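*Asks:* Protein chains in written order, with my numbering: chain A, 4 to 232; chain B, 165 to 279.
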Amino acid sequence: MTIQATTRMVQVRTQVLKANDNDARALRQRFHDSGVYVVSLVSSPGTGKTMFLEQTLKMLRSRYRCAALVGDLATENDAKRLARAEVPIRQIITGSVCHLEALMVKDAIADWRLEDLDFLFIENVGNLVCPATYDLGEDLRLVLFSVTEGEDKPRKYPTIFNTADVAVITKVELAAAVEFDREAAFASVQAVRPGMQILEVSAKTGFGMPQWLQFLESKRAEQRVGSNS
Amino acid sequence: MHELSLAMSILDIAGEEADRRGGAVIKSIYLKMGPLSGVIKQALVSAFDLAREDSPFADSQLMVEEVPLVVMCHVCQTEKILPSLQDFCCPECGTPCGDVISGRELEIVAMEIEE
């Protein structure tokens, strides 16, 4: 006797990213419990994330305890550069993986005492596509693009702009030389993410950096008030 | 190219479901995907075809349903489908709409199993 195979549909409701989402949720809880404010940075390669982060760390370190994780496909060059800021730095080499995932962050900070930190920065792999899909448990996600990349970058990569909290325009000292159309760039951000806050900085000249730090400190203070209430 | 790692996650989830049902054969996996998921349908389907080869799901199909981007227009007081990710404005009144109701989905919603 043969048994006739029958098929039927079963309802399932499972997020494809559930493993990453669970890891990110656990990380976020751990960050909150430790009182560390966590900022991630995403951009294309060459936007100046590392330079921006190096200057940020140098300006913060006298008043805050900072550390940074830096994702890179292959080299440790970024970590070496950031080490000049004299704060704890750890490189995450992703190999062929084009983005960071929550588990990589979890493993990288496994032996760190988060209670001893005020700020933790996570520099993602230079890529405006893949990092959009992965929550890292961060409090604030920055998406950066430089004046040399063209004003329409946000419209080309709407998804990453939609998952980020704040846009940062870098290398503004070069704006005039490359005939950067500031208004068009702002319009491009607003087209894909209405109401998004935009900061303009030059890590080289220091332009906009005090405003950025002020913003960062106020976000951290807001969160501490929120978690104490 | 994060689609391969997503395809492998889909196979893991299918594996869990098959185990839970006593080793049922999974014919098809139905996925709902929004335009803000950051995933390209064709890339995911190709990645799935690759990933399933050396798995117990070599004959399983991935069925992707693309769902629209829906935002809330606070002027019209209704939900609106946006035709483009490049322009978050109400298609009727032109008001900027950043309040996303749906469009970030990347979810397995059903499976067709053989018993």
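C-beta: ideal position from N, C-alpha, C; glycine also.
Just so we're clear, the structure is a prediction, and the values are computed from it rather than from any experiment.
Please give me, in chain order, every unbroken run of the alpha helix (DSSP H) with length at least 4 that falls completely inside the segment 137-161 of chain A.
*Replies:* With a minimum length of 4 residues, the continuous alpha helix (DSSP H) runs that stay inside the segment 137-161 of chain A are 156-159.
*Asks:* What does A135/A touch in chain B if you count any residue whose Cβ is under 7 angstroms from its own?
*Replies:* For this step, residue 135/A is matched to residue 132 along the first sequence. The answer, in chain order, is G202.
*Asks:* Please classify A194/A as buried or exposed, where buried requires at least 16 other C-beta atoms within 10 Å of its C-beta.
*Replies:* Numbered from 1 along the first sequence, position 191 holds the residue referred to as residue 194/A. The residue is buried, with at least 16 neighbouring Cβ atoms inside 10 Å.
*Asks:* Indicate the three-state DSSP secondary structure (helix, strand or coil) for T10/A in the structure shown.
*Replies:* Residue numbering aside, residue 10/A sits at position 7 when the first sequence is read from its first letter. In the structure shown, T10/A sits in a strand (DSSP, three-state: E or B).
*Asks:* Could you tell me which chain B residues have their CB closer than 7 angstroms to the CB of P239/A, listed as they occur along the chain?
*Replies:* The question about residue 239/A has no answer, for chain A in this structure spans 4 to 232.
*Asks:* What residues of chain A sit near E181/B, judged by a beta carbon separation below 9 angstroms?
*Replies:* By 1-based counting over the second sequence, the position of residue 181/B is 17. Chain A residues near E181/B: V13, V15 and T17.
*Asks:* Which residues mark the beginning and the end of the beta strand (DSSP E) in which T53/A is found?
*Replies:* What you label residue 53/A is simply residue 50 of the first sequence in a count that begins at 1. First-last for T53/A: K52 to L63, but that is the alpha helix (DSSP H), not the beta strand (DSSP E).
*Asks:* Should L214/B go down as buried or exposed, given a rule of 16 or more other Cβ atoms within 10 Å for buried?
*Replies:* Indexing the second sequence from 1 puts residue 214/B at position 50. With fewer than 16 Cβ atoms within 10 Å of its Cβ, L214/B is classed as exposed.
*Asks:* For H238/B, decide whether its Cβ has a neighbour in chain A, counting only Cβ atoms nearer than 8 angstroms.
*Replies:* Within the second sequence, residue 238/B is the residue found at index 74, counting from 1. Closer than 8 angstroms: no.
*Asks:* Short of 6 angstroms in beta carbon distance, which residues of its chain neighbour A178/B, apart from the five on each side in sequence? Order them along the chain.
*Replies:* Working through the second sequence from its first residue, we reach residue 178/B at position 14. Only I190, I193 and F221 meet the Cβ criterion.
*Asks:* Which residues does DSSP pair with E203/A in a beta bridge?
*Replies:* As a working note, residue 203/A is residue 200 in the first sequence. I172/A.
*Asks:* Nearest chain B C-beta to A8/A closer than 8 angstroms, yes or no?
*Replies:* Numbered from 1 along the first sequence, position 5 holds the residue referred to as residue 8/A. It does: the Cβ of A8/A has a partner Cβ on chain B nearer than 8 angstroms.
*Asks:* My understanding is that V228/A touches V204/A, with C-beta atoms under 8 angstroms, so please give their C-beta distance in whole angstroms.
*Replies:* What you label residue 228/A is simply residue 225 of the first sequence in a count that begins at 1. What you label residue 204/A is simply residue 201 of the first sequence in a count that begins at 1. Going by Cβ atoms, the distance from V228/A to V204/A rounds to 26 angstroms, so no, they are not a contact pair.
*Asks:* With DSSP as the reference, label A113/A as helix, strand or coil.
*Replies:* In the first sequence, residue 113/A corresponds to position 110, counting from 1. Coil, per DSSP.
*Asks:* Look up A178/B in the DSSP assignment and say whether it is helix, strand or coil.
*Replies:* Start at 1 with the first residue of the second sequence, and residue 178/B comes out as number 14. Correct three-state label for A178/B: helix.
*Asks:* Hey, how far is the Cα of D81/A from the Cα of V73/A?
*Replies:* Sequence index remark: in the first sequence, residue 81/A carries index 78 (1-based). Sequence index remark: in the first sequence, residue 73/A carries index 70 (1-based). C-alpha separation (whole angstroms): 7 angstroms.
*Asks:* Could you say which of V42/A, V19/A, N23/A and R31/A lies nearest to R223/A if we only look at CA atoms?
*Replies:* As a working mapping, residue 223/A is identified with position 220 in the first sequence. Out of V42/A, V19/A, N23/A and R31/A, V42/A has the C-alpha closest to the C-alpha of R223/A.
*Asks:* Does chain B have any CB closer than 8 angstroms to the CB of C260/A?
*Replies:* Examination of residue 260/A is not possible in this model, given that chain A is present from 4 through 232 alone.
*Asks:* Would you say V235/B and K244/B are within 8 angstroms of each other, going by their C-beta atoms?
*Replies:* For the purposes of this step, residue 235/B is identified with residue 71 of the second sequence, where counting begins at 1. For the purposes of this step, residue 244/B is identified with residue 80 of the second sequence, where counting begins at 1. Yes.
*Asks:* Span of the alpha helix (DSSP H) holding D81/A?
*Replies:* On the first sequence, position 78 is the one that residue 81/A refers to. N80 to A86 is the extent of the alpha helix (DSSP H) around D81/A.
*Asks:* Helix, strand or coil for P220/B per DSSP?
*Replies:* Here the question's residue 220/B lines up with position 56 in the second sequence. Coil at P220/B, not helix or strand.
*Asks:* Might you give, ordered along the chain, the residues of its own chain that have their beta carbon closer than 6 angstroms to the beta carbon of S232/A, omitting 5 neighbours on each side?
*Replies:* Residue mapping note: residue 232/A aligns to position 229 of the first sequence, counting from 1. Low per-residue confidence applies at S232/A: pLDDT is 49, beneath 50, and the placement is therefore not dependable enough to give any value.
*Asks:* Let's test the definition: count the other Cβ atoms within 10 Å of the Cβ of F55/A and tell me whether it reaches 16, buried, or not, exposed.
*Replies:* The residue you call residue 55/A lines up with position 52 of the first sequence. Buried, by the Cβ-count rule.
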